[in-house]
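Asks: Have a look at the structure that comes next, please.
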Amino acid sequence: MALDTSMSVLVVDDYKTMIRIIRNLLKQLGFEDVDEAADGTEALGKMKERRYGLVISDWNMEPMTGYELLKQVRADSSLAKTPFIMVTAESKTENVIAAKKAGVNNYIVKPFNAQTLKGKIEAVFGV
Amino acid sequence: MTLLTEKEVSNVVDYLKRTRLSEDVSLDDVMGLAEVMAESLRPALSGLDATVHRDLGDMAREIAAMKRELAEMRLGEVRTDKIGTAGRELDAVVEATEEATNIIMTAAEAIMGADPADVDGFQAVVNDRVIEIFEACSFQDITGQRIGKVVSTLSLIDDRLNRLVERLKLNVDAPTEPAEETAAERRARELILHGPQAKGEGVSQNDIDDMFP
Numbered sequence: 001m002a003l004d005t006s007m008s009v010l011v012v013d014d015y016k017t018m019i020r021i022i023r024n025l026l027k028q029l030g031f032e033d034v035d036e037a038a039d040g041t042e043a044l045g046k047m048k049e050r051r052y053g054l055v056i057s058d059w060n061m062e063p064m065t066g067y068e069l070l071k072q073v074r075a076d077s078s079l080a081k082t083p084f085i086m087v088t089a090e091s092k093t094e095n096v097i098a099a100k101k102a103g104v105n106n107y108i109v110k111p112f113n114a115q116t117l118k119g120k121i122e123a124v125f126g127v
Numbered sequence: 001m002t003l004l005t006e007k008e009v010s011n012v013v014d015y016l017k018r019t020r021l022s023e024d025v026s027l028d029d030v031m032g033l034a035e036v037m038a039e040s041l042r043p044a045l046s047g048l049d050a051t052v053h054r055d056l057g058d059m060a061r062e063i064a065a066m067k068r069e070l071a072e073m074r075l076g077e078v079r080t081d082k083i084g085t086a087g088r089e090l091d092a093v094v095e096a097t098e099e100a101t102n103i104i105m106t107a108a109e110a111i112m113g114a115d116p117a118d119v120d121g122f123q124a125v126v127n128d129r130v131i132e133i134f135e136a137c138s139f140q141d142i143t144g145q146r147i148g149k150v151v152s153t154l155s156l157i158d159d160r161l162n163r164l165v166e167r168l169k170l171n172v173d174a175p176t177e178p179a180e181e182t183a184a185e186r187r188a189r190e191l192i193l194h195g196p197q198a199k200g201e202g203v204s205q206n207d208i209d210d211m212f213p
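In order, the protein sequences belong to chains X and A. Just so we're aligned, residue 1 is where the first sequence starts under full-length UniProt numbering, counting upward by one. Just so we're aligned, residue 1 is where the second sequence starts under full-length UniProt numbering, counting upward by one.
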């Protein structure tokens, strides 16, 4: 089964350069419909207006972190099933365990390469 | 029995009036007071006990030496000059890396967006943009030098702090009351914010992959 690249992806990061990197990597993978948000609050607002096929989020952001965003998404029945990948420099075991408990679908540690991003997206969609 | 003469007491009182210790008491004030006290007590005790008299003299000399050494450490220079400069150097590093990243990414995006069907045009874009990428990478030399200056400042602070601790005979290993948690610390704890880990610390991507079979 091939990866469906027609889905819309929401990239959440407070660092513009990181959004640009992920956006370009996604473009290389064939994803054209990529939206962005600078923190969890903005992302949650966008998710309530539009359905995204995948959320790729940083952890450490102000005012709402990616971890809080994940918990709010999973607590909202209309958003709960949205696939969610955390891409973060937070690499302590307790972070990974907390994110997994909160319902994250996969976890990528920065810095990462294109192959890792591709592999995790494919794993989330069972490709 | 009267230990201090009126003149000796007035020396201490004058010092207290002159330095207005009731407002902000500094280490310098305390050392100054101890020095005046030691000097004032010496004549009164000289006739009573030679050992106490000698000890007070030693104490006064020790305080004077400590004041001289503290002045030689030029702590004010570290605070106002070195730390301020280090902060500006780090700001410049952030700015330079951001600028270089933007140039490199813009060049890479231009190459990615160029049409390979137009062979000559594609080659021209690649050649021009690769030169831009090389030029932008020169930031590393400058930022390396700037970071080197910051590291020197940190070493200087470390050295002077160690000398201060040693000179004041501070027991830095003594248990202290835990500091009250700040709002930023509470947020970091509750939201599990640690920031990037040093090389070899934290879990690797492979370890994480094992947790997401």
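The C-beta atom is built at its ideal place from N, Cα and C for all residues, glycine as well.
#1: Between the beta-carbon of A114 (chain A) and the beta-carbon of F122 (chain A), is there less than 7 Å?
#2: Taking a cut of 8 Å between CB atoms, which residues from the stretch 40-69 of chain X lie near chain A?
#3: Within its chain, find whatever has a CB closer than 8 Å to the CB of N11 (chain A); leave out the 5 residues flanking it on each side and keep chain order.
#4: If the criterion is Cβ atoms closer than 7 Å, does the pair L25 (chain X) and V127 (chain X) meet it?
#5: Using Cβ-Cβ distances below 7 Å, what residues of the stretch 11-33 of chain X are close to chain A?
#6: Consult DSSP for M1 (chain A) and reduce its assignment to one of helix, strand or coil.
#7: Does K71 (chain X) get closer than 7 Å to chain A when you measure Cβ to Cβ?
#8: Could you work out which residues of chain A lie near S91 (chain X), taking near to mean beta carbons separated by less than 7 Å?
#9: Cβ atoms of V96 (chain X) and Y107 (chain X): under 7 Å apart, would you say?
#10: The stretch 88-118 of chain A: which residues have C-beta closer than 9 Å to a C-beta of chain X, in chain order?
#11: On a Cα-Cα basis, can you pick out the residue from X:K120, X:E94, X:K100, X:M86 that is closest to G40 (chain X)?
#12: Are the stretch 147-158 of chain A and the stretch 78-90 of chain A touching, with three or more C-beta to C-beta distances below 8 Å?
#13: To the nearest angstrom, how far is the alpha carbon of Q197 (chain A) from that of D58 (chain X)?
#14: With distances taken from CA atoms, which of A:V172, A:L164, A:S204 is nearest residue 176 (chain X)?
#15: Taking its Cβ as the centre, do 16 or more other Cβ atoms sit within 10 Å of M112 (chain A), making it buried, or is it exposed?
#16: Leaving out five residues before and five after V119 (chain A) in sequence, what residues of the same chain have Cβ atoms less than 6 Å from its Cβ?
#17: From the DSSP secondary-structure annotation, give me the bridge partner or partners of I85 (chain X).
#18: For the alpha helix (DSSP H) containing D159 (chain A), name the first residue and the last one.
#19: Below 7 Å between beta carbons: does that hold for P83 (chain X) and L54 (chain X)?
#20: Please state whether DSSP places A114 (chain X) in a helix, a strand or coil.
#21: Report the option in X:I121, X:L10, X:V109, X:N60 whose CA atom is closest to the CA atom of H194 (chain A).
#22: CB Y67 (chain X) to CB L191 (chain A), shorter than 7 Å?
#23: Run the CB neighbour count on S78 (chain X), radius 10 Å, all protein chains shown included, and call it buried at 16 or more, exposed below.
#24: Excluding sequence positions up to five away, which residues of its chain have a Cβ less than 8 Å from the Cβ of K92 (chain X)?
#25: Would F212 (chain A) pass as an interface residue toward chain X - the criterion being a Cβ-Cβ separation below 7 Å?
#26: For L191 (chain A), return the contacting residues in chain X, with the cut-off set at a CB-CB distance below 9 Å.
#27: From what residue to what residue does the beta strand (DSSP E) around V34 (chain X) run?
#28: For A37 (chain X) and V125 (chain A), what's the separation of their Cα atoms in angstroms?
Replies: Checking against the coordinates, here is how it stands:
#1: Here the question's residue 114 (chain A) lines up with position 114 in the second sequence. Here the question's residue 122 (chain A) lines up with position 122 in the second sequence. Yes.
#2: W59, N60, T65, Y67, E68
#3: As a first step, residue 11 (chain A) is located in the second sequence; it is residue number 11 there, counting from the start. For N11 (chain A), where only same-chain residues beyond five positions count, the Cβ hits under 8 Å are V36, E39, S40.
#4: Along the first sequence, one-based indexing puts residue 25 (chain X) at 25. Along the first sequence, one-based indexing puts residue 127 (chain X) at 127. No.
#5: Answer in chain order: T17, R20, N24.
#6: As a first step, residue 1 (chain A) must be located in the second sequence, where it is residue number 1. Residue placement at M1 (chain A) is poorly supported in this model, since its pLDDT is 46, which falls under 50; the coordinates still yield a value, given next. Looking at M1 (chain A) - three-state DSSP - the assignment turns out to be coil, as it is neither helix nor strand.
#7: Along the first sequence, one-based indexing puts residue 71 (chain X) at 71. False, the Cβ-Cβ gap to chain A never drops below 7 Å.
#8: Counted from its first residue, the first sequence places residue 91 (chain X) at position 91. Correct list: Q197, G202, V203.
#9: Position 107 of the first sequence, counted from the start, is the residue given in the question as residue 107 (chain X). Position 96 of the first sequence, counted from the start, is the residue given in the question as residue 96 (chain X). It is a contact, given that the beta carbons lie within the stated cut-off.
#10: E98, T101, N102, M105, A108, E109, M112
#11: Taking the first residue of the first sequence as 1, we reach residue 40 (chain X) at position 40. Ranked by Cα distance from G40 (chain X), the options X:K120, X:E94, X:K100, X:M86 are led by X:M86.
#12: Put simply, the stretch 147-158 of chain A touches the stretch 78-90 of chain A. At least three CB pairs are less than 8 Å apart.
#13: Indexing the second sequence from 1 puts residue 197 (chain A) at position 197. Indexing the first sequence from 1 puts residue 58 (chain X) at position 58. Note on geometry: alpha-carbon atoms of Q197 (chain A) and D58 (chain X) lie some 15 Å from one another.
#14: Beyond the ends of chain X as shown, which are 1 and 127, falls residue 176 (chain X); an answer cannot be given.
#15: Position 112 of the second sequence holds residue 112 (chain A). Exposed, by the Cβ-count rule.
#16: Within the second sequence, numbered from 1, the residue matching residue 119 (chain A) stands at position 119. Around V119 (chain A): no qualifying Cβ.
#17: As a first step, residue 85 (chain X) must be located in the first sequence, where it is residue number 85. For I85 (chain X), which the question treats as bridged, DSSP gives the partners X:I56, X:N106.
#18: Working through the second sequence from its first residue, we reach residue 159 (chain A) at position 159. Its alpha helix (DSSP H) spans residues 139-167.
#19: The sequence position of residue 83 (chain X) within the first sequence is 83, counting from 1. The sequence position of residue 54 (chain X) within the first sequence is 54, counting from 1. A contact, by the Cβ cut-off of 7 Å.
#20: Residue numbering aside, residue 114 (chain X) sits at position 114 when the first sequence is read from its first letter. A114 (chain X) falls in the helix class under three-state DSSP.
#21: Reading the second sequence from its first residue, position 194 is the one you call residue 194 (chain A). Nearest option by C-alpha distance: X:N60.
#22: Here residue 67 (chain X) is taken as the residue at index 67 of the first sequence, counted from 1. Here residue 191 (chain A) is taken as the residue at index 191 of the second sequence, counted from 1. Contact check for Y67 (chain X) against L191 (chain A) passes: the beta carbons are separated by less than 7 Å.
#23: As a position in the first sequence, residue 78 (chain X) is number 78, starting the count at 1. Looking at its Cβ environment, which holds fewer than 16 other Cβ atoms inside 10 Å, S78 (chain X) is exposed.
#24: What you label residue 92 (chain X) is simply residue 92 of the first sequence in a count that begins at 1. Closer than 8 Å at Cβ, skipping near neighbours: no residue.
#25: The sequence position of residue 212 (chain A) within the second sequence is 212, counting from 1. Closer than 7 Å: yes.
#26: Position 191 of the second sequence, counted from the first residue, corresponds to residue 191 (chain A). Here the neighbours are W59, N60, T65, Y67, E68.
#27: By one-based count along the first sequence, residue 34 (chain X) stands at place 34. Segment 34-37, the beta strand (DSSP E) holding V34 (chain X).
#28: Along the first sequence, one-based indexing puts residue 37 (chain X) at 37. Along the second sequence, one-based indexing puts residue 125 (chain A) at 125. Going from the Cα of A37 (chain X) to the Cα of V125 (chain A) covers about 31 Å.
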